[in-house]
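So the structure is just underneath, and the comments pick up after that.
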Ligand code: PEP
Ligand code: MN
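Residue numbers (the UniProt record's numbering): 1 to 250.
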């Protein structure tokens with residue numbers, strides 16, 4: 001399983017891994033609905049230092065078990081110099097670098113170095129106010145060591161009162177054209193609310209991007225982080241049904 005230019009892949013799963021049952025239930029359901037990759041944050045970057053910071057290393061085994069039972073590929077966020085090593089030991093197919101770290105050059109280089117030559121892909125989220133040059137430039141720090149980089153647009157800061165961020169498909173498309181790298185769209189962190197996920201995902205597929213990242217939780221309102229923007233397993237199935245009707249790149 002690879003995320004590639006000229007292809008469409010779906011990465012789905014909870015904002016954070018909370019317990020083994022949540023991970024397994026999600027993996028089974030999204031795999032059945034046609035998702036390619038299970039996402040779940042283990043080391044969560046939280047705005048407040050007193051907030052829950054994620055399950056950490058313990059969650060690696062929950063995700064490995066879910067892969068064993070379903071065959072789904074795995075991805076999680078690497079947040080510091082230690083996390084790439086732990087994730088690679090668990091043989092995750094993909095790692096991602098989050099928005100807050102999207103221009104942390106030492107982490108970008110270290111992740112590139114550690115994933116080099118292993119077939120591991122590295123998703124680089126755009127920073128919250130990054131322009132085209134900064135985003136594609138940051139990707140070069142990873143690509144220096146590992147060329148398997150995927151860009152991810154997750155919304156930028158702007159003036160929205162009613163959404164979390166501004167989904168910027170324009171720069172995402174320019175990044176895809178100018179870099180030649182695959183580009184995927186994280187509709188959950190862009191919108192910050194579940195009612196916009198379906199239409200924005202449909203727009204992303206129609207516009208010829210290379211995949212979707214979407215937060216899915218068995219019980220979204222009870223999620224320990226990002227509860228407002230996660231969709232239920234049933235809504236994910238519905239979303240996949242709708243997406244199947246849309247050609248990738250009209
Ligand atoms: C996430 O994907 O859970 C996340 C924290 O995203 P971002 O880095 O885009 O805020
Ligand atoms: Mn999240």
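Just so you know, even glycine gets a beta-carbon here, dropped at the ideal spot from N, CA and C.
| Check | Outcome |
| --- | --- |
| Reference residue 124, options 76, 225, 163, 87, closest by Cα | 76 |
| Distance between residue 117 and residue 188 (C-alpha atoms, nearest Å) | 31 Å |
| Separation of residue 127 from residue 252, as counted between CA atoms | Past the edges of the chain, shown from 1 to 250, lies residue 252, and the structure says nothing about it. |
| Nearest residue (CA-CA) to residue 249, options 106, 183, 73 | 183 |
| First through last residue of the alpha helix (DSSP H) which encompasses residue 200 | 197 to 206 |
| Any non-hydrogen atom of the ligand PEP within 6 Å of residue 228 CB | no |
| CB-CB length for residue 211 against residue 8, believed under 8 Å | 6 Å |
| Candidates 51, 246, 30: closest to residue 202 by CA position | 246 |
| Any non-hydrogen atom of the ligand PEP closer than 6 Å to residue 217 Cβ | no |
| Reference residue 150; option with closest CA among 190, 122, 192 | 122 |
| The ligand MN heavy atom lying under 6 Å from the CB of residue 152 | no |
| Contact check, residue 15 vs residue 41, beta carbons under 7 Å | yes |
| Beta-carbon gap between residue 86 and residue 59 smaller than 7 Å | no |
| Residue of 103, 50, 26 minimising C-alpha distance to residue 71 | 26 |
| Segment contact flag, the region 98 to 111 with the region 62 to 70, C-beta cutoff 8 Å, min 3 pairs | no |
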